[in-house]
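In the order they appear, the protein sequences are chains A and B.
The working numbering puts the first residue of the first sequence at 170, with every later residue one more than the last.
The working numbering puts the first residue of the second sequence at 170, with every later residue one more than the last.
Quick reminder that beta carbons are idealized off the backbone N, C-alpha and C, glycines included.
Structure, as structure tokens:
Number of protein chains: 2
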Amino acid sequence: ERAEVVGVTSDSKIAKVTLLDVADEPGIAARVFEDLARAGINIRLIIQSASSEHQARITFIPELESLDGTRELVRRWEAEGVARRGVIESDVAKISIVGSRLASTPGLAARMFAALAREGINIDCISSSEMKVACVISGDRLDDATRVVHREFFPEDEAAAATPS
Amino acid sequence: ERAEVVGVTSDSKIAKVTLLDVADEPGIAARVFEDLARAGINIRLIIQSASSEHQARITFIPELESLDGTRELVRRWEAEGVARRGVIESDVAKISIVGSRLASTPGLAARMFAALAREGINIDCISSSEMKVACVISGDRLDDATRVVHREFFPEDEAAAATPS
Ligand SMILES: C[C@@H](O)[C@H](N)C(=O)O
Ligand SMILES: C[C@@H](O)[C@H](N)C(=O)O
């Protein structure tokens with residue numbers, strides 16, 4: 170199977186929640202996502218990079234419409250010491266390339282990152298798998314980002330729109 | 170489409186590289202992954218959670234067989250100030266649930282995290298998308314993790330093995 174990018178998708182009806190300084194011990198991630206599940210809050214993305222000194226940081230991307238419910242949970246996690254602090258931002262967007270064997274072809278992800286960099290767009294978060302590389306960026310840059318990433322992988326159809334998801 | 174988990178996959182021939190304190194400005198992620206691509210290093214997973222105070226942390230999962238090439242690059246990034254420090258660990262493994270509409274059903278990810286927690290398995294990194302939730306854990310816990318996650322989602326076929334990937 171040849172590695173290739175088959176599409177560019179974007180999502181702007183999202184928020185970003187970062188839980189700072191959660192204890193890096195078994196059961197914390199379960200607690201956070203069980204609480205979100207019980208509150209019926211859909212999550213687009215979960216990202217935790219490696220922790221250090223027994224403190225971890227968990228970022229998740231809820232849908233914008235569930236921001237009130239999410240804010241309530243973050244307050245409760247801070248009060249109960251699940252996280253030292255929770256930071257909620259709603260001016261974010263997600264842009265992704267989708268395809269096959271993406272993760273095992275490092276050049277494809279690099280090309281996406283370079284297209285964003287040339288346009289001066291900072292990458293806030295990254296999450297990748299075999300079939301998708303997703304970047305969280307500032308919401309006001311989504312149109313530029315979609316245009317330049319689309320041009321990078323589909324130069325021949327500059328006019329084609331990205332599929333909003 | 171109903172949300173469901175269709176499989177559990179695992180991967181132990183991997184390493185974990187964490188770049189600490191990279192500058193949170195456009196072009197850094199592009200530089201790192203262009204260098205990896207040029208060196209022909211395949212990456213299983215890229216994770217960057219939200220940064221703070223203009224410093225970011227990037228974690229990526231190369232294949233174990235390319236550890237020498239990766240170590241060389243990390244040394245160069247440290248020398249050139251791309252990252253303050255790079256931490257390389259090779260006793261890690263990845264376990265994932267795969268299926269459809271996983272990200273929008275928070276309860277499924279929570280069930281995976283809870284199954285690991287009950288077994289006392291700490292989660293080092295998390296990366297999720299619509300079709301996959303992947304956890305990086307300590308390599309010596311992979312067999313236990315595969316057993317308990319498999320039992321959580323496929324209780325009726327306790328005997329079935331997970332698909333190594
Ligand atoms: C931080 C969180 O992921 C923790 N390590 C856990 O296993 O739940
Ligand atoms: C840290 C890195 O992702 C940086 N923010 C970039 O855009 O390249």
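For residue i, which residues in the same chain have their Cβ closer than 6 Å to its Cβ, ignoring the five residues on either side in sequence?
i	result
A284 of chain A	V317, V318 and E321
E194 of chain B	none
N211 of chain A	E232
S265 of chain A	T178, K301 and A303
F229 of chain A	V186, I212 and I215
D313 of chain B	E288
D204 of chain A	L242
In the structure shown, what three-state DSSP assignment does residue i receive?
i	result
P275 of chain A	helix
V318 of chain A	helix
R310 of chain A	helix
F229 of chain A	strand
A219 of chain A	coil
G176 of chain A	strand
E288 of chain B	coil
I197 of chain B	helix
S297 of chain A	strand
R213 of chain B	strand
A206 of chain A	helix
Starting from the beta carbon of residue i, find every residue of chain A whose beta carbon is closer than 9 Å, and list them in chain order.
i	result
K263 of chain B	By Cβ distance, chain A contributes nothing, its closest Cβ being about 10 Å from K263 of chain B, past 9 Å.
Check the Cβ of residue i against every Cβ in chain B and list those closer than 7 Å, keeping chain order.
i	result
F202 of chain A	P275, A278, A279 and F282
T228 of chain A	S218 and A219
I266 of chain A	None at all; the shortest Cβ gap to chain B is about 12 Å.
How would you list, in chain order, the residues of chain B whose beta-carbon sits under 8 Å from the beta-carbon of residue i?
i	result
E325 of chain A	Result: empty, since nearest Cβ-Cβ is about 23 Å, beyond 8 Å.
I210 of chain A	P275
Skipping 5 residues on each side, what residues in its chain have a beta carbon closer than 8 Å to that of residue i?
i	result
R200 of chain B	V251
V267 of chain B	V174, V175, G176, V177, T178, M300 and K301
L189 of chain A	R226, A252, R253, R254, G255 and V256
L269 of chain A	According to the sequence displayed, residue 269 of chain A carries Ser and not Leu. So the qualifying residues of the chain are E170, R171, A172, E173, V175, E299 and M300.
L271 of chain A	A172, V174, L277, A278, S297, S298, E299, M300, K301 and V302
Going along chain A in order, which residues have a C-beta closer than 8 Å to the C-beta of residue i?
i	result
L205 of chain B	P275 and A279
L214 of chain B	A272, S297 and S298
For the beta strand (DSSP E) containing residue i, name the first residue and the last one.
i	result
R253 of chain A	A252 to S269
Return the first residue and the last residue of the alpha helix (DSSP H) that residue i is part of.
i	result
D237 of chain B	L236 to A248
Starting from residue i, find everything on chain B with Cβ-Cβ shorter than 9 Å and list it in chain order.
i	result
D193 of chain A	N291, I292 and D293
K301 of chain A	S298, E299, M300 and K301
L242 of chain A	Within 9 Å Cβ-Cβ: nothing; L242 of chain A doesn't reach chain B, min ~11 Å.
K185 of chain A	A219
Using a Cβ-Cβ cut-off of 7 Å (strictly less than) and excluding sequence neighbours within five positions of residue i, which residues of its own chain qualify?
i	result
A403 of chain B	Because chain B is modelled from 170 through 334, residue 403 of chain B falls outside the range shown and cannot be assessed.
S181 of chain B	A262, G308 and L311
Identify the contact partners of residue i in chain A, using a Cβ-Cβ distance below 7 Å as the criterion.
i	result
G196 of chain B	A286
A199 of chain B	A279, F282, A283 and A286
Could you tell me whether any non-hydrogen atom of ligand 3 is closer than 7 Å to the CB of residue i?
i	result
E249 of chain B	Annotation note on ligand 3: not contained in the displayed structure, which lists ligand 1 and ligand 2 as its ligands.
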